[in-house]
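Data block below; observations after.
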Amino acid sequence: MSGSALLAAESGCHLNSGCGFPAPDATIFNYDAIFTFDIAGLTFHISKPMVMLWVAALVVVVFFVLAFRKAAIVPRGIQNIGEYGYLFVRDGIARDTIGAKGDPFVPMLFSFFFFVWVLNFMSIVPFVQFPVTSRFAIPLAFAVLVYLLWVPLGVKRQGAGSFFKAMTMPPDVPKAMYVLLIPIEILSNFIVRPFTHSVRLFANMFAGHMLIVTFSVATWYLLSPSVIGILGSAASFTVTVGLTAFEMLIQALQAYVFTLLAAVYINDAVNAH
Amino acid sequence: MSSMVTLSEVTGSLGSIGSGLAAIGPGIGVGIIFGQGVQAIARQPEAYGVIRQNMILGFALTEALALIGFVAPFVFGK
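In order, the protein sequences belong to chains G and R. In terms of this note's numbering, the first sequence opens at residue 1 and continues consecutively. In terms of this note's numbering, the second sequence opens at residue 1 and continues consecutively.
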């Protein structure tokens, strides 16, 4: 465990004991390596988020293998949940956004949706309580993966010329405006896009975790033998519970938004405007 | 640079102030998006699926600005 704020809180720093509120900072997102190993001269540090990444992958794979292992025409039990999830991604994301050409991308979007959701959901699992996607490298890797899919795909399906023309030159605009528009479109479609795609997920999870930690620390800090302390502590605890429920909503929403945006980008590549 | 005189200085939790300023625009934007979205659903309930999807898409794109404002103090601040 790391984070000077949490250590200060654990050591019994309370309202009237003369120490200030130990506000959590960004160091609560840093974890020390659980174990390290060497391969070809490189040292790999395996920390808690890494292990949770593997657990999340395992959870998704095992769940859907169980759901579809004995697939029946009339679904029973767990297969109902699996099919509902599949149809949600196929009809609600892939077909609504990309149309008929979207079906080949459903497996990828489906994996993204449930993997990201489980990673986000780690935030409120007791004793885990850390959203893995609040480590920026992880959503960034996902966004780069999507970027490396849709840009070459667009070049392949539409041809380099017409793809980049469609992406950088909006139609029905006075010719002189292109001087201004083309740099803006290049910036927003090819440079900022993977950045915002990943930051959106990362920052939501980061902010949510930070809020929950702040109010959890406040609950413990305010707990002291005085009226104001007990009232404040109870209020903070209530807010923590409320925020946890709110986070559940945000986690599902952000997984949906991430997948939806991936589908929108793929749509730019496969469907000529 | 050594001859530079500091005439005035702002100190304190500037990250919080920046985050608050960055939230004004997206706050208005998200309000407009959901307001118009609910209005659209009320006018045409059968188009709920498409409206909801576009509403959430617009919300996500707008919200990014506020989130960048939230993250920037952690990145650039000390």
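Glycine residues also receive a C-beta, built at the ideal position from the N, C-alpha and C atoms.
- Within chain R, the C-beta atoms nearer than 7 Å to that of G:T196 come from A64, in chain order.
- According to the DSSP secondary-structure assignment, G:A33 is paired through a beta bridge with G:S47.
- In the DSSP assignment, G:K175 falls outside any alpha helix (DSSP H), carrying neither H nor E.
- Boundaries of the alpha helix (DSSP H) harbouring G:H209: 192-222, taken from the DSSP string.
- Around R:F70, the beta-carbon contacts reaching into chain G at under 7 Å are A203, A207.
- Under DSSP, G:D38 forms a beta bridge with G:T43.
- The C-alpha of G:L243 lies about 8 Å from the C-alpha of G:L211.
- Interface residue (Cβ-Cβ distance to chain R less than 8 Å): G:D96 is classified as such.
- Against chain G, a Cβ distance below 8 Å from R:G29 picks out nothing, because the smallest value is about 14 Å.
- Separation of the CB atoms of G:T196 and G:F215 is rounded to 28 Å, and the pair is thereby denied contact status at 8 Å.
- Contact annotation, G:Y221 with G:L15: C-beta distance approximately 6 Å; criterion of less than 8 Å satisfied.
- Setting aside the 5 residues that flank it on each side, G:T43 is surrounded in the same chain by T36, F37, each with a C-beta closer than 8 Å to its C-beta; the list follows chain order.
- The DSSP-derived three-state label of G:T97 is helix.
- Per DSSP, G:V146 is one residue of the alpha helix (DSSP H) stretching across 137-158.
- Note that the C-beta distance between G:T97 and G:V264 is below 8 Å.
- Chain G has a Cβ within less than 8 Å of the Cβ of R:V50.
- For R:Q44, not one C-beta of chain G is nearer than 8 Å to its own C-beta.
- The three-state secondary structure of R:S3, taken from DSSP, is coil.
- Under the Cβ distance rule, G:A252 does not count among the residues neighbouring chain R, no pair being separated by less than 8 Å.
- DSSP places G:F237 in the uninterrupted alpha helix (DSSP H) bounded by 227-270.
- Residues of the same chain with a CB within less than 8 Å of the CB of G:Q158, apart from the 5 flanking positions on each side, are A166, A269, A272 in chain order.
- A straight-line Cα-Cα distance of about 42 Å links R:F59 and R:T6.
- The beta carbon of R:I41 sits closer than 6 Å to those of Y48, I51, all from its chain and outside the five residues before and after it, given in chain order.
- If the five residues before and after G:G82 are omitted, its C-beta is found closer than 7 Å to the C-beta atoms of F64, A67, F68, all from its own chain and listed in chain order.
- G:P49 is positioned such that its CB atom lies closer than 8 Å to that of G:V132.
- Between R:I33 and R:T62, the beta carbon gap of about 6 Å places them in contact (Cβ cut-off 8 Å).
- In this structure, the straight-line span from the alpha carbon of G:L53 to that of G:D32 is close to 16 Å.
- Residues of chain G with a Cβ closer than 8 Å to the Cβ of R:A23 do not exist; the shortest Cβ-Cβ separation is about 11 Å.
- DSSP, reduced to helix, strand and coil, places G:D103 within a helical segment of the structure shown.
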